[in-house]
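Asker:
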Amino acid sequence: DGGITQSPKYLFRKEGQNVTLSCEQNLNHDAMYWYRQDPGQGLRLIYYSQIVNDFQKGDIAEGYSVSREKKESFPLTVTSAQKNPTAFYLCASSIDLRGTGKTGQEKLFFGSGTQLSVL
Amino acid sequence: AQSVTQLGSHVSVSEGALVLLRCNYSSSVPPYLFWYVQYPNQGLQLLLKYTTGATLVKGINGFEAEFKKSETSFHLTKPSAHMSDAAEYFCAVSHSGGYQKVTFGTGTKLQVIP
Chain A
186 DGGITQSPKY LFRKEGQNVT LSCEQNLNHD AMYWYRQDPG QGLRLIYYSQ
236 IVNDFQKGDI AEGYSVSREK KESFPLTVTS AQKNPTAFYL CASSIDLRGT
286 GKTGQEKLFF GSGTQLSVL
Chain B
5 AQSVTQLGSH VSVSEGALVL LRCNYSSSVP PYLFWYVQYP NQGLQLLLKY
55 TTGATLVKGI NGFEAEFKKS ETSFHLTKPS AHMSDAAEYF CAVSHSGGYQ
105 KVTFGTGTKL QVIP
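One line per chain: the protein sequences are A and B, in this order.
Add 185 to a position in the first sequence, counting from 1, and you land on the number used in our numbering.
Add 4 to a position in the second sequence, counting from 1, and you land on the number used in our numbering.
#1: I want to verify the contact list: residues of chain B whose CB lies under 7 Å from the CB of A/K299, in sequence order.
#2: So is A/I236 buried or exposed if we call it buried at 16+ other beta carbons inside 10 Å?
#3: Taking only the alpha-carbon atoms, compute the straight-line gap between B/A127 and B/F38 and give it to the nearest angstrom.
#4: Grouping DSSP H, G and I as helix and E and B as strand, with all else coil, what is B/D89?
#5: Between the stretch 190-197 of chain A and the stretch 289-301 of chain A, are three or more C-beta pairs nearer than 8 Å?
#6: Exposed or buried, which one is B/K73 when buried takes at least 16 other CB atoms within 10 Å?
#7: Name the two residues that bound the continuous beta strand (DSSP E) containing B/H14.
#8: Can you name, in chain order, every residue of its own chain whose Cβ lies under 8 Å from the Cβ of A/I245, other than the five neighbours on each side?
#9: Any idea if B/G47 is buried or exposed, counting beta-carbon neighbours within 10 angstroms, 16 or more meaning buried?
#10: Relative to the C-alpha of B/S32, which candidate in B/T56, B/H99 and B/S18 has its C-alpha closest?
#11: Could you name each continuous beta strand (DSSP E) segment of 3 residues or more that falls completely within the stretch 192-233 of chain A, going from the start of the chain to the end?
#12: Excluding the five sequence neighbours on either side, which residues of its own chain have a C-beta within less than 6 Å of the C-beta of A/T262, listed in chain order?
#13: Which bits of chain A does B/T110 rub up against, with CB to CB less than 7 Å?
#14: Would you tell me roughly how many angstroms separate the C-alpha atoms of A/E247 and B/E19, rounded to the nearest one?
#15: Do B/Q10 and B/E92 have their C-beta atoms closer together than 7 Å?
#16: Use the C-beta contact count for A/F240: other C-beta atoms within 10 angstroms, 16 or more gives buried, fewer gives exposed.
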């Protein structure tokens, strides 16, 4: 079955430590995204990537980094600079509708999320 | 600029009763509107979306929503609640050319009482 796999499901970070969240998709989607979800705040965009080796900052990129070396993979690193990392992190993907006149209509496909907590 | 307001962070209904989840949006251009559902400890799944055309949109699991431009609303309804509908529901807004400009609401948790 096609889908998005996030791992691990739960992750704990120690003070000053960088941690990496994995996101893999087999939907053959060009676009991939990382969202942060905090209770009562909805979803906020951290980073997105439209194509391999290219990515853009979202609304809350500070303290995070990403890479996109393969179409299928979009790992997120939460660095020690992120002072409040406790949240539920969601990876998503979509087809690229640029050039179709339908940008903005993308259906987002989400993974099951990673809960990150601070020790 | 665009924004979404979901009225009521928690809504409780009895099994078999009408489900009504409210969403109002603000957008300076014609909006695209979405409802996503999130079951506990899972990602979001698209229920339905409005882009253009018919203002009453039908989605999965018996849900539907009506785009009302005059009221800037996109409320989600289901005639008869089922226990399996218990989840968190997110309204979202985007617009033409708004690649990666989806704005999500803060969510409404639906509780279904037997």
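Positions of the beta carbon are idealized from the N, C-alpha and C atoms, including for glycine.
Answerer: Per the coordinate set shown:
#1: According to the sequence provided, residue 299 of chain A is Thr. The question's Lys does not apply to it. Under the 7 Å cutoff, chain B gives no residues; its nearest Cβ is about 10 Å from A/T299.
#2: exposed
#3: Only positions 5 to 118 of chain B appear in the structure, and residue 127 of chain B is not among them; the question remains open.
#4: helix
#5: yes
#6: exposed
#7: Element bounds for B/H14: H14 to S18.
#8: R221, R229, L230 and I231
#9: buried
#10: Comparing Cα positions, the closest option is B/H99.
#11: 195-198, 204-210 and 216-223
#12: N203, T205 and S250
#13: G225, Q226 and G227
#14: 44 Å
#15: Going by C-beta atoms, B/Q10 is not nearer than 7 Å to B/E92.
#16: buried
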